[in-house]
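Numbering (our numbering), first residue to last: 396 to 820.
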């Protein structure tokens, strides 16, 4: 009963923290300034690409190492903060920022945006976001490894809350970009303050830093390839009529919102739990443990997804006749996009296992399959229906889950046995 209540509270935290980010797209659609909203979402997606290839992989890498260490030794030392912060600063400045800038130029070129001083200034503000997010990831990983899930989840509330207020009050491009950056900075200091309150004790020497640095290039490459399908989708949408980018963004945010709930309720707890279960196996079957955990993850993710799809379908069924057409189109596309949530959970979870195992080659293979599948479906759907491009990543995710399953079952579990022979019978 206690576990159910804990998970329910965590889901509630995710829902509350995701509301501002989710509400940003419909808020801008209601304002009905397609050029402003399209350009903002194109630049935001470029900034999120920079964060995704650095902050997210580094957070996952740190989490996997810390979770295994805590499972064996119970704690970690305070010197980890300084080392982790230095790495995240380098990643943000050298990798995330240039990548985001290149993606921004490509997106705006496809959209045929007119270069103005406000566009340049707002873009500069927004492209600082991945650097801040990368620094925040080092503190987020420590909190998750210390089982402070709810603190990290709630921090996402700050990312969109200021932007939503600006969208409804002063919907200008520069104001939107500045508000989003302000939210990211507030989130950073929130995580910093929370991590400082943790009790730390034993040394982390059992987890050498060179292991983290050695696997980071593969992590960055994997993140770049893994996020490329979503960047490709937005690029294809930029070729369409004004407002199409915002409609597609709304559909993607429906997927992201539900995926965050599923991640908090099912996926991330399993990511943190699996290395500890492996560390405590001592002679048991790691393969059986993997299959059992994967089966449990899929069916729980599917149950949450069915619940979300039913709620969205009922909302559309009883929506007022005066609902703007753009909102209705985005909602219908989002309904179909939710089909990718269970398979996305499996892809993410199995990718974290390859990370824990140290089999970095699999981190390139799986997202490459995702990219190829999404690209093929995207160009096909573009010729059929420009808005349906949003759904191309569903096909890519299905191919990726097959590839990740093969990667884990054939290679990653073997690597775990090689790295930790003490776990064998």
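Ideal Cβ positions, reconstructed from N, Cα and C, are used throughout, including at glycine.
Where residue 645 is concerned, the enclosing alpha helix (DSSP H) starts and stops at 639-657. Residues 764, 768 of the same chain have their beta carbon placed closer than 6 Å to that of residue 794, with the five preceding and five following residues left out of the count. Excluding the 5 residues flanking it on each side, residue 530 has same chain C-beta neighbours closer than 8 Å at 480, 483, 484, 487, 583, in chain order.
The three-state secondary structure of residue 705, taken from DSSP, is helix.
Within a 10 Å sphere around the beta-carbon of residue 403 sit fewer than 16 other beta-carbons, which makes this residue exposed.
Distance between residue 539 and residue 759, taken at the CA atoms: about 25 Å. Cβ atoms of residue 559 and residue 715 stay farther apart than 8 Å, at about 22 Å.
Here the alpha carbon of residue 780 sits roughly 20 Å from the alpha carbon of residue 424. Just so you know, the alpha carbons of residue 611 and residue 477 end up roughly 17 Å apart.
In the DSSP annotation of this structure, the continuous segment of the alpha helix (DSSP H) that includes residue 545 starts and ends at 544-550. Sixteen is the threshold: when 16 or more other Cβ atoms of the shown chains lie within 10 Å of the Cβ of residue 630, as they do, the residue is buried.
With distances taken between CA atoms, residue 551 lies nearest to 413 out of 454, 413, 444. Per DSSP, residue 786 lies in no alpha helix (DSSP H) and is assigned neither H nor E. The beta-carbon separation of residue 571 and residue 435, rounded to 5 Å, stays under the 8 Å limit for a contact.
With a cutoff of 7 Å on beta-carbon distance, residue 405 and residue 506 are scored as not near each other. Residue 717 counts as exposed, since fewer than 16 other C-beta atoms from the protein chains shown sit within 10 angstroms of its C-beta. Distances from the alpha-carbon of residue 421 to those of 644, 500, 573 put 644 closest. With a cutoff of 7 Å on beta-carbon distance, residue 516 and residue 569 are scored as near each other. Scanning 746, 690, 647 for the CA closest to the CA of residue 733 turns up 647. Restricting attention to 621, 509, 711, the CA atom closest to the CA of residue 799 is found in 621. Inter-residue distance for residue 443 and residue 500 is about 14 Å (C-alpha atoms, whole angstroms). When only Cα atoms are considered, residue 747 and residue 693 end up about 15 Å apart.
Only buried fits residue 579, as 16 or more other CB atoms lie within 10 angstroms of its CB. Shown here, residue 780 sits in coil according to DSSP, grouped into three states, outside any helix or strand. DSSP, reduced to helix, strand and coil, places residue 592 outside both helices and strands of the structure shown, so it counts as coil. Shortest Cα-Cα distance from residue 509 to any of 690, 703, 522, 433 involves 433.
Put simply, of 672, 426, 737 the residue whose alpha carbon is nearest the alpha carbon of residue 690 is 737.
Taking 7 Å as the cut-off, the beta carbon of residue 452 is found closer than this to the beta carbon of residue 614. Distance from the CA atom of residue 586 to the CA atom of residue 775, rounded to whole angstroms, is 43 Å.
Contact between residue 640 and residue 503 fails: their C-beta atoms lie close to 11 Å from each other, not under 8 Å. Under a 10 Å Cβ-count criterion, residue 557 is classified as buried, with 16 or more other Cβ atoms of the shown protein chains found around its own Cβ.
Taking 8 Å as the upper bound for CB-CB distance, residue 730 and residue 712 are not in contact here, some 11 Å apart. In this structure, DSSP gives residue 719 a state outside helix and strand, which the three-state scheme calls coil.
Closest in alpha carbon position to residue 446, among 511, 588, 431, 523, is 523. Straight-line measurement puts the Cα of residue 723 at about 22 Å from the Cα of residue 410.
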